[in-house]
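Chains as they are written, first to last, in our numbering: chain A, 102 to 224; chain B, 856 to 1438; chain C, 11 to 513. Beta carbons: idealized from backbone N, C-alpha and C, even for Gly.
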């Protein structure tokens, strides 16, 4: 990693990182984000993460970035998994155990079918 | 000059230096704020909440002992809120205290008791469970009883900061807090040097000397035993305090009378042995100086210091004089020379020593201290224990006539007397060494450079053309400064005196205990040391080698200093000790 | 916003739980990958630092923080800018910046959330603070019980060093600053700033009287500022968006937002950040989703064990530092524990006091012994052994402890007791005078009885009773032997005919 010495350099790094996060020019990419704060991990998010990783590998899914994030504050519904795709609204799945995780990979990530009943409710 | 600050306390204006605390400013006005954990210059931690005051503009009450003064500050020391808070706090302390006052060693000399009286405590509104107390009497010198401890931490500061020994600290927390050695070990299992400065700092009876008076009573009552007593130089300037005499009052001859009335068969003087120590140690110094021996030579009279060295500076043990301390030399001579001279079976001689010191109890029990075939000293009592025995026997020291010590082991010089104050051993040794080397009479016997309460004193003495660099340290944190210099090769001392306790034996851990208030008003070490030097001035003989009883001892028995008999009876060696007893 | 056919949301950020919040301190938590510095930078991370170092003087940084009106989010609510000004004005070449990440209030985890979810925000803020006061080093004192936070902090520090955002000549300026972690061992009192400093220095973690304040004499005797994680997390945003922007959020005397950890008897437990001045009601009902199982709200405890219980009649109260204090509670670090009709307020007071009593460092008698005595009194009240005059005894002790304890822990320890006496004195009296627990929660004061008319004699209760306290012939009303009954509630739970009465 290069040292950032000026405001301009920082802005460059920022813009590049932003573009990557927004998956600019990568229409087929998917970002899967698992909440891996202590509360998430306590609810089993570590296993969820592993299951997703395993499922992605097993099914040879490409162009997917599996990431972790911190706690968004909604402990009640952990583990939480976000599926983010360019030009599509973000989807948050709640209480994602290993079984659900594998199905999310299969249905949502691979087949683009949103699993309605596992999505965060209107609260 | 320091900036002055003006503030108002209880409506009265006062001007004090800007570094003062509110407590100090109040004292200047004659306003007494009660304290408990406060021990001036030693323990200023604001823990006990007794000295709280109201300060205009501050939400909570403030501990005046730590509160810096500021310009225009308005303080109230005596409002209903302050008084009630102090009372509640004191009642809480009492609710967790065993309150066995009449049977406590500190009865009528207890700051908690005094405070309860002063704050007009009539009942305890909040009784409840007491903390799980520890009673630790494994140490031969010091007994800890946490059921009386009020966690003021004065002992902790004395141990850590004054002595740099640091073997007691608060353990656990909250209601379960106890002051104890690490891992709740006994004082006997850690690097405690038995100095008893913790006892001197304790406002209550949570720390006390191990009481050995019963053993002395039993010996005195035993017709088979020839019970003799020796009394250390510092006792004659402190015992009177326990009998209403002023601080540092000289009671040498009343002390001799008192001991005789207690029933000792002979009343001797450790000063005799102090003169003997000078003969041996002075000779040892000259031997090392002239024959390329290990220098600097460090004195070994103070058993607290010796144990400190064994734990903390084992690499310097060869620098420590091989001489036994005067207490032990006395015992060894009593059970050899004196026994022979009087025809008393040494097995029946019972040697009691009266010491200003708790570490002397440990020293007396050292297994190597038995070169006559018998343990040199049978029981070492502190000044306080002697005072209790005298009171129990109805002997009021202040009302006794003057009497002399017995011969021959009661004959001594002024040089021996000054052993009781820091610098005294050095001065006594210089008086003798000078005359031995130069074979000339010393014109000025007073060595003022090594006297006084400065932590580390240094001087260079011209002994017939040889420049002898000496250093004197008292209190172990001061000793550390000197020892670290020696260890790191940063000093070229030839001779060092180290006394474990601040002020030397006059400030020993077995001496009468003063309250924090008294200590603030008067440096008791200074008062006692002044008397020590007065004793010296008034002695007809002021150099150890001129003591006729010592001269007779060498002539009749020992031969010469560092001779074969001396070596066997009067010298010893010390060994490295671990920091924790891992047994 | 797209809503699914069954009314479900798409993303958590679309829910009212999230949308009713104003997230400044938590702005990145749950949204970025905390282990990748670029994701922080992508969200304008380190822009504030770049701006301050290249365009602002240290005094201008302090002025901005002062103007924002930011107050400490960890306890007392002292104005952050003033703290910084004191430390900046203090004489000395060596100064320190310390972060209090020793989050210890039961149920509070906002600091952990930031440490785990957005560690760079803390790093950036502490570096800014270092620039402002002229420090070259900082320490983060974090609980050892937060291993993930420790791991991510370490990672973040090494990434920031690689990027030159910590270390020598940051952004090519003369300013150098580095950060180090110190792990606490789980003593609540180490959240008190002087105790925290003692612990960093390797001493027993216990407070000392102030003054001198750390701003003048702090870590190793040098001028030091100590702020908590949430306070720092606000700093980069304040500097980037400006004090004016920040000042528009919140109220006159409580600017900005506050994070609360909502727990207890509430539907949506979790972490929320709301604008200061939001009424309590809104947090509990609109964000928290109200009380489960149709139970009645009774009180909410704010400020953790140092705070107090606020009753239903004050639910309209806006959340501000001063309103909470007036209500006998405090902001504290932002714990918010909701209680319903089943909670006994004496028992709640006992719970919180037992926490502070356990965590007392033992240095001063009012806290060490006083809280113990208060706890003993509460204990006997909940056991039905309370005596007339016990409430007054509690009050007098509490008053004295508040006035005379050495540190904030002791001075605030009586708050849960005082506030519950203030609002729920009748509950205390019921325990003492009638030997009755109105909430039916204190075991020693509840009794079980079988209503003969309703009992069908099925024997199920006798079967589940672990101590054989229930007997009766089949198909005949059963009876409970009160001497044997251990009040485990098993029979009550099991009975299908509502034939067991608790009273």
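- The C-beta distance from residue 460 of chain C to residue 496 of chain C rounds to 16 Å, too long to meet the 8 Å contact threshold.
- Rounded to whole angstroms, the separation of the alpha carbons of residue 171 of chain A and residue 41 of chain C is 7 Å.
- Residue 902 of chain B places its beta carbon 8 Å or farther from that of residue 407 of chain C.
- Fewer than three Cβ pairs drawn from the stretch 1101-1115 of chain B and the stretch 1067-1074 of chain B lie within less than 8 Å of each other, which leaves the two stretches out of contact.
- For residue 1084 of chain B, DSSP records a beta bridge to B:1122 and B:1207.
- In the three-state DSSP reduction, residue 265 of chain C falls in the strand class (E or B).
- Per DSSP, reduced to three states, the secondary structure at residue 1094 of chain B is helical.
- Chain C has a Cβ within less than 8 Å of the Cβ of residue 177 of chain A.
- Using a Cβ-Cβ distance cut-off of 8 Å, the stretch 1417-1434 of chain B and the stretch 230-242 of chain C are not in contact, since fewer than three pairs of beta carbons, one from each stretch, lie closer than that value.
- In the structure shown, residue 220 of chain A falls within a strand segment according to DSSP collapsed to helix, strand and coil.
- Looking at the DSSP output, residue 193 of chain A bridges to A:183.
- Against chain B, the CB of residue 407 of chain C has a partner CB under 8 Å away; the residue lies at that interface.
- As a beta-bridge residue in DSSP terms, residue 1327 of chain B pairs with B:1312 and B:1352.
- Here residue 1159 of chain B carries a helix assignment [DSSP, helix/strand/coil].
- By the criterion of a C-beta distance shorter than 6 Å, residue 1000 of chain B is surrounded in its chain by 990 and 1061, once the five residues flanking it on both sides are discounted.
- Fewer than three beta-carbon pairs drawn from the stretch 860-872 of chain B and the stretch 181-195 of chain A are found closer than 8 Å, and the two stretches are therefore not classed as touching.
- Counting C-beta atoms within 10 angstroms of its own C-beta, residue 1400 of chain B has 16 or more neighbours from the protein chains shown and is therefore classed as buried.
- Under the Cβ criterion (8 Å, minimum of three pairs), the stretch 1397-1414 of chain B counts as touching the stretch 1126-1141 of chain B.
- Within the same chain, Cβ atoms closer than 7 Å to the Cβ of residue 1359 of chain B are found at 1275, 1276, 1277, 1279 and 1329, the five residues on either side in sequence being excluded.
- In this structure, the CA atom of residue 498 of chain C is about 22 Å from the CA atom of residue 303 of chain C.
- Judged by DSSP secondary structure, residue 132 of chain A falls within the beta strand (DSSP E) whose first and last residues are 131-136.
- With 16 or more other Cβ atoms from the protein chains shown falling within 10 Å of its own Cβ, residue 455 of chain C counts as buried.
- As the crow flies, the alpha-carbon of residue 269 of chain C is around 60 Å from that of residue 1367 of chain B.
- When 7 Å is used as the limit between beta carbons, residue 173 of chain C is near these residues of chain A: 102, 104 and 105, in chain order.
- DSSP places residue 1070 of chain B in the uninterrupted alpha helix (DSSP H) bounded by 1068-1076.
- Using a CB distance cut-off of 8 Å, residue 919 of chain B does not count as an interface residue toward chain C.
- Here residue 508 of chain C is exposed: its Cβ has fewer than 16 other Cβ atoms, across all protein chains shown, within 10 Å.
- Scanning B:1290, B:956, B:1050 and B:1185 for the CA closest to the CA of residue 1163 of chain B turns up B:1050.
- If you ignore the 5 residues before and after residue 265 of chain C, its C-beta comes within less than 8 Å of the C-beta of 78, 79, 80, 81, 256, 257, 259 and 286, all in its own chain and listed in chain order.
- The beta carbon of residue 983 of chain B lies closer than 7 Å to those of 950 in the same chain, with the five residues before and after it left out.
- At least one C-beta of chain A is nearer than 8 Å to the C-beta of residue 181 of chain C.
- Taking all protein chains shown into account, residue 217 of chain C has 16 or more neighbouring C-beta atoms within 10 Å of its C-beta and is therefore buried.
- Closest in C-alpha terms to residue 375 of chain C, from the list B:930, B:944 and B:876, comes B:944.
- Close to residue 150 of chain C, with beta-carbon spacing below 9 Å, lies no residue of chain A; the smallest spacing is near 17 Å.
- Listed by position along chain B, the residues whose Cβ is nearer than 8 Å to that of residue 416 of chain C are 901, 902, 904 and 918.
- Nearest neighbour of residue 1157 of chain B by Cα position, chosen from B:884, B:1394 and B:1363, turns out to be B:1363.
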